[in-house]
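Data first, discussion second: the structure below is written as structure tokens.
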Amino acid sequence: MIPSQTEMNSSSKPKRKNFIWSLKPEWITGLLQIMMEYLNANMRSAQGFKDSVYQGAAQKMKEKFGIEVTGEQCKNQIRHQRSVWIHIQELKRKSGVSWDETKKMIVMGQEEYASHIQAFPKDAAYLNIAIANYVELKIVCGLGHATGE
Numbered sequence: 001m002i003p004s005q006t007e008m009n010s011s012s013k014p015k016r017k018n019f020i021w022s023l024k025p026e027w028i029t030g031l032l033q034i035m036m037e038y039l040n041a042n043m044r045s046a047q048g049f050k051d052s053v054y055q056g057a058a059q060k061m062k063e064k065f066g067i068e069v070t071g072e073q074c075k076n077q078i079r080h081q082r083s084v085w086i087h088i089q090e091l092k093r094k095s096g097v098s099w100d101e102t103k104k105m106i107v108m109g110q111e112e113y114a115s116h117i118q119a120f121p122k123d124a125a126y127l128n129i130a131i132a133n134y135v136e137l138k139i140v141c142g143l144g145h146a147t148g149e
């Protein structure tokens, strides 16, 4: 069963199951790349993407991966990725860290890392390892500009 298929609840209204993007990281990468295509086509305004862009992204996700997602689910995932981007930027500004531009990695010393991860275990996904989709996040969520590269 595809994670987003609908089912009927007790009041006989269709109930949409949550779509779990993290099941396949390539889905997130694919969505970010699709959103970059829309950026290249100048389809983002100062207020962000319109709902029609997210609907188009959902259709492209179906064509590319064979998955059923809604425009709203795409919009929510981009919103989530934007919060990830903001968190990465906050981590990069912390004292005692450096940024490796080549590896797209936030570098922290072993002692600092151990104490930081003890206090903030979820940050392990962003420290001392290459950040997946960094360039795409920078362009789509960091309000950068797509260059077509």
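Take 1 as the starting number for the sequence shown in UniProt numbering and just add one per residue. Cβ atoms here follow ideal geometry from the backbone N, Cα and C, with glycine treated the same way.
- Closest by C-alpha distance to LYS17, out of ASN42, ARG44, THR70, is THR70.
- ILE129: not part of any alpha helix (DSSP H); DSSP gives it neither H nor E.
- Under the DSSP assignment, ILE86 falls in the alpha helix (DSSP H) whose first and last residues are 71–92.
- Per DSSP, MET36 is one residue of the alpha helix (DSSP H) stretching across 25–40.
- Using a Cβ distance threshold of 7 Å, MET36 and ILE131 do not count as a contacting pair.
- Scanning its chain for C-beta atoms nearer than 7 Å, with the 5 sequence neighbours on each side dropped, one finds no residue around LYS94.
- With a cutoff of 7 Å on beta-carbon distance, ILE88 and TYR126 are scored as near each other.
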